[in-house]
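Reminder that position 112 of the sequence shown reads as 182 in this note's numbering, one-by-one numbering, no gaps.
We treat Cβ as the ideally placed atom computed from N, Cα and C, and that holds for glycine.
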Amino acid sequence: MTVLSGPSGVGKSTVVAELRRRSPEIWISVSVTTRSPRPGEVDGREYHFVDDREFDRMAAAGELLERAEFAGNKYGTPREPVRRQLEHGVPTLLEIDIAGARQVRQAVKGDALFVFLKPPSWAELVRRLTARGTEPPEVVERRLAVAREELAAASEFDVTLVNTSVQEVCRQMVTLINSDQ
71 MTVLSGPSGV GKSTVVAELR RRSPEIWISV SVTTRSPRPG EVDGREYHFV DDREFDRMAA
131 AGELLERAEF AGNKYGTPRE PVRRQLEHGV PTLLEIDIAG ARQVRQAVKG DALFVFLKPP
191 SWAELVRRLT ARGTEPPEVV ERRLAVAREE LAAASEFDVT LVNTSVQEVC RQMVTLINSD
251 Q
(Lines of atoms letter the chains of each structure in order from A and count residues from 1; the text may use other names and numbers.)
(Lines give C-alpha, C1' and ligand atoms only; values in the text may rest on other atoms or scores of the structure.)
Protein backbone atom coordinates (compact mmCIF):
# COMPACT_ATOMS: atom_id res chain seq x y z
CA MET A 1 0.00 0.00 0.00
CA THR A 2 1.18 3.49 -0.84
CA VAL A 3 -0.16 6.58 0.93
CA LEU A 4 0.05 9.92 -0.90
CA SER A 5 -0.37 13.03 1.18
CA GLY A 6 0.48 16.71 1.18
CA PRO A 7 -1.10 20.09 1.78
CA SER A 8 -4.34 21.19 0.18
CA GLY A 9 -3.74 22.60 -3.31
CA VAL A 10 -0.46 20.75 -3.93
CA GLY A 11 -2.01 18.75 -6.77
CA LYS A 12 -2.75 15.38 -5.17
CA SER A 13 -6.08 15.01 -7.01
CA THR A 14 -4.50 16.00 -10.33
CA VAL A 15 -1.71 13.46 -9.86
CA VAL A 16 -4.21 10.76 -8.89
CA ALA A 17 -6.40 11.52 -11.93
CA GLU A 18 -3.35 11.14 -14.17
CA LEU A 19 -2.30 7.93 -12.39
CA ARG A 20 -5.82 6.57 -12.87
CA ARG A 21 -5.55 7.30 -16.59
CA ARG A 22 -1.97 6.12 -17.05
CA SER A 23 -1.78 3.11 -14.72
CA PRO A 24 -5.15 1.38 -14.38
CA GLU A 25 -3.47 -1.57 -12.65
CA ILE A 26 -3.06 0.62 -9.56
CA TRP A 27 -6.21 0.56 -7.44
CA ILE A 28 -6.98 4.00 -6.02
CA SER A 29 -9.07 4.15 -2.88
CA VAL A 30 -12.11 6.42 -3.07
CA SER A 31 -12.72 8.32 0.16
CA VAL A 32 -16.08 9.27 1.61
CA THR A 33 -16.81 12.92 2.31
CA THR A 34 -19.62 15.08 3.59
CA ARG A 35 -18.66 18.02 1.37
CA SER A 36 -20.62 18.83 -1.77
CA PRO A 37 -19.21 17.74 -5.13
CA ARG A 38 -17.15 20.32 -7.03
CA PRO A 39 -17.99 20.92 -10.68
CA GLY A 40 -17.04 17.84 -12.71
CA GLU A 41 -16.71 15.49 -9.73
CA VAL A 42 -18.59 12.21 -9.96
CA ASP A 43 -19.87 10.23 -6.97
CA GLY A 44 -17.79 7.07 -6.68
CA ARG A 45 -14.90 8.41 -8.77
CA GLU A 46 -13.39 11.34 -6.83
CA TYR A 47 -15.34 10.66 -3.62
CA HIS A 48 -18.34 8.84 -2.25
CA PHE A 49 -20.50 11.80 -1.21
CA VAL A 50 -22.49 11.07 1.96
CA ASP A 51 -24.38 13.09 4.54
CA ASP A 52 -23.19 13.63 8.12
CA ARG A 53 -25.45 10.92 9.48
CA GLU A 54 -24.07 8.21 7.15
CA PHE A 55 -20.49 9.32 7.78
CA ASP A 56 -21.01 9.16 11.55
CA ARG A 57 -22.61 5.71 11.20
CA MET A 58 -19.59 4.45 9.21
CA ALA A 59 -17.15 5.89 11.77
CA ALA A 60 -19.05 4.40 14.73
CA ALA A 61 -19.16 0.99 13.02
CA GLY A 62 -15.37 0.99 12.54
CA GLU A 63 -15.76 1.04 8.76
CA LEU A 64 -13.17 3.80 8.25
CA LEU A 65 -9.41 3.20 8.18
CA GLU A 66 -8.87 6.89 8.91
CA ARG A 67 -10.97 10.00 9.15
CA ALA A 68 -10.56 13.73 9.49
CA GLU A 69 -12.56 16.91 9.54
CA PHE A 70 -11.48 19.92 7.52
CA ALA A 71 -13.18 23.21 6.68
CA GLY A 72 -16.42 21.92 8.20
CA ASN A 73 -16.48 18.71 6.16
CA LYS A 74 -15.64 15.12 7.09
CA TYR A 75 -13.42 12.80 5.07
CA GLY A 76 -12.54 9.14 5.55
CA THR A 77 -11.17 6.01 3.88
CA PRO A 78 -13.47 2.99 3.79
CA ARG A 79 -11.56 0.08 5.37
CA GLU A 80 -13.09 -2.94 3.60
CA PRO A 81 -12.28 -2.08 -0.06
CA VAL A 82 -8.64 -1.40 0.91
CA ARG A 83 -8.40 -4.70 2.79
CA ARG A 84 -9.83 -6.61 -0.19
CA GLN A 85 -7.39 -5.09 -2.68
CA LEU A 86 -4.37 -5.73 -0.45
CA GLU A 87 -5.53 -9.28 0.19
CA HIS A 88 -5.51 -9.88 -3.57
CA GLY A 89 -2.04 -8.34 -4.00
CA VAL A 90 -3.29 -5.35 -6.00
CA PRO A 91 -1.06 -2.23 -5.89
CA THR A 92 -3.13 0.13 -3.73
CA LEU A 93 -2.94 3.92 -3.38
CA LEU A 94 -4.57 6.09 -0.73
CA GLU A 95 -4.71 9.84 -1.34
CA ILE A 96 -5.37 11.40 2.07
CA ASP A 97 -4.51 14.38 4.23
CA ILE A 98 -1.66 14.52 6.74
CA ALA A 99 -3.84 13.65 9.75
CA GLY A 100 -5.24 10.66 7.87
CA ALA A 101 -1.75 9.51 6.89
CA ARG A 102 -0.76 9.58 10.55
CA GLN A 103 -3.77 7.44 11.45
CA VAL A 104 -2.98 4.94 8.69
CA ARG A 105 0.65 4.74 9.86
CA GLN A 106 -0.63 3.76 13.32
CA ALA A 107 -3.14 1.27 11.89
CA VAL A 108 -0.79 -0.56 9.50
CA LYS A 109 2.35 -0.52 11.65
CA GLY A 110 4.94 0.04 8.91
CA ASP A 111 3.14 -1.95 6.22
CA ALA A 112 2.90 0.97 3.75
CA LEU A 113 5.04 3.46 1.85
CA PHE A 114 4.25 7.07 2.78
CA VAL A 115 4.83 9.69 0.07
CA PHE A 116 4.65 13.45 0.71
CA LEU A 117 3.80 15.71 -2.24
CA LYS A 118 5.29 19.17 -1.93
CA PRO A 119 4.65 22.28 -4.05
CA PRO A 120 7.56 23.82 -5.97
CA SER A 121 7.16 26.95 -3.79
CA TRP A 122 4.82 28.62 -1.32
CA ALA A 123 3.82 31.19 -3.97
CA GLU A 124 2.79 28.39 -6.34
CA LEU A 125 0.69 26.73 -3.64
CA VAL A 126 -1.10 30.03 -2.96
CA ARG A 127 -1.67 30.49 -6.70
CA ARG A 128 -3.13 26.98 -7.08
CA LEU A 129 -5.50 27.34 -4.14
CA THR A 130 -6.79 30.75 -5.17
CA ALA A 131 -7.01 29.91 -8.90
CA ARG A 132 -9.42 27.03 -8.20
CA GLY A 133 -12.20 29.50 -7.58
CA THR A 134 -14.27 26.74 -5.95
CA GLU A 135 -14.23 28.06 -2.38
CA PRO A 136 -14.88 31.36 -0.62
CA PRO A 137 -11.83 33.42 0.44
CA GLU A 138 -12.19 32.48 4.14
CA VAL A 139 -11.97 28.76 3.26
CA VAL A 140 -8.89 29.42 1.09
CA GLU A 141 -7.31 31.31 4.00
CA ARG A 142 -8.00 28.38 6.36
CA ARG A 143 -6.51 25.97 3.82
CA LEU A 144 -3.37 28.12 3.54
CA ALA A 145 -2.98 28.32 7.32
CA VAL A 146 -3.25 24.53 7.58
CA ALA A 147 -0.93 24.07 4.57
CA ARG A 148 1.83 25.98 6.38
CA GLU A 149 1.67 23.49 9.25
CA GLU A 150 1.35 20.49 6.93
CA LEU A 151 4.48 21.40 4.96
CA ALA A 152 6.43 20.95 8.18
CA ALA A 153 5.27 17.30 8.30
CA ALA A 154 7.31 16.24 5.25
CA SER A 155 9.98 14.66 7.46
CA GLU A 156 7.40 12.15 8.78
CA PHE A 157 7.15 10.55 5.32
CA ASP A 158 9.33 7.94 3.64
CA VAL A 159 9.67 9.88 0.37
CA THR A 160 9.09 13.52 -0.64
CA LEU A 161 8.26 14.43 -4.23
CA VAL A 162 8.08 18.02 -5.54
CA ASN A 163 5.14 18.60 -7.85
CA THR A 164 6.75 20.62 -10.63
CA SER A 165 5.27 18.34 -13.33
CA VAL A 166 2.28 16.04 -13.00
CA GLN A 167 3.78 13.66 -15.57
CA GLU A 168 7.09 13.45 -13.70
CA VAL A 169 5.40 12.92 -10.32
CA CYS A 170 3.24 10.18 -11.90
CA ARG A 171 6.32 8.47 -13.31
CA GLN A 172 7.97 8.59 -9.89
CA MET A 173 4.79 7.36 -8.16
CA VAL A 174 4.45 4.36 -10.52
CA THR A 175 8.09 3.45 -9.85
CA LEU A 176 7.58 3.75 -6.07
CA ILE A 177 4.30 1.80 -6.07
CA ASN A 178 5.74 -1.00 -8.19
CA SER A 179 8.90 -1.25 -6.09
CA ASP A 180 6.78 -1.42 -2.92
CA GLN A 181 5.02 -4.61 -4.07
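Own chain, CB closer than 7 Å to residue i, minus 5 neighbours either side, in chain order
i, result
"VAL209", "ALA141"
"LEU156", "MET71 and THR162"
"ARG92", "CYS240"
"GLN242", "LEU231"
Whether residue i touches residue j by CB criterion (8 Å)
i, j, result
"SER78", "LEU231", "no"
"TRP97", "VAL160", "yes"
"ASN233", "GLY132", "no"
Residue i - DSSP class collapsed to helix/strand/coil
i, result
"SER75", "strand"
"PRO151", "helix"
"VAL80", "coil"
"GLY146", "strand"
"ALA138", "strand"
Nonlocal neighbours in the same chain, by C-beta distance under 6 Å from residue i, ignoring five residues either side
i, result
"TYR117", "SER101 and THR103"
"MET57", "Here the chain comprises residues numbered 71 to 251, so residue 57 is not present and cannot be evaluated."
Presumed contact (8 Å Cβ cut-off) between residue i and residue j, rounded CB distance
i, j, result
"VAL65", "VAL178", "The chain is shown only over 71 to 251; residue 65 falls outside these bounds and no answer can be derived."
Practice problem: Would you check if there are 3 or more beta carbon pairs closer than 8 Å linking the segment 143-153 to the segment 162-176? | Solution: yes
Quiz item: Do the segment 86-96 and the segment 157-170 make contact, defined as three or more Cβ pairs closer than 8 Å?
Solution: yes
Practice problem: Could you tell me whether the segment 90-106 touches the segment 120-139, where touching means 3 or more Cβ pairs closer than 8 Å? | Solution: yes
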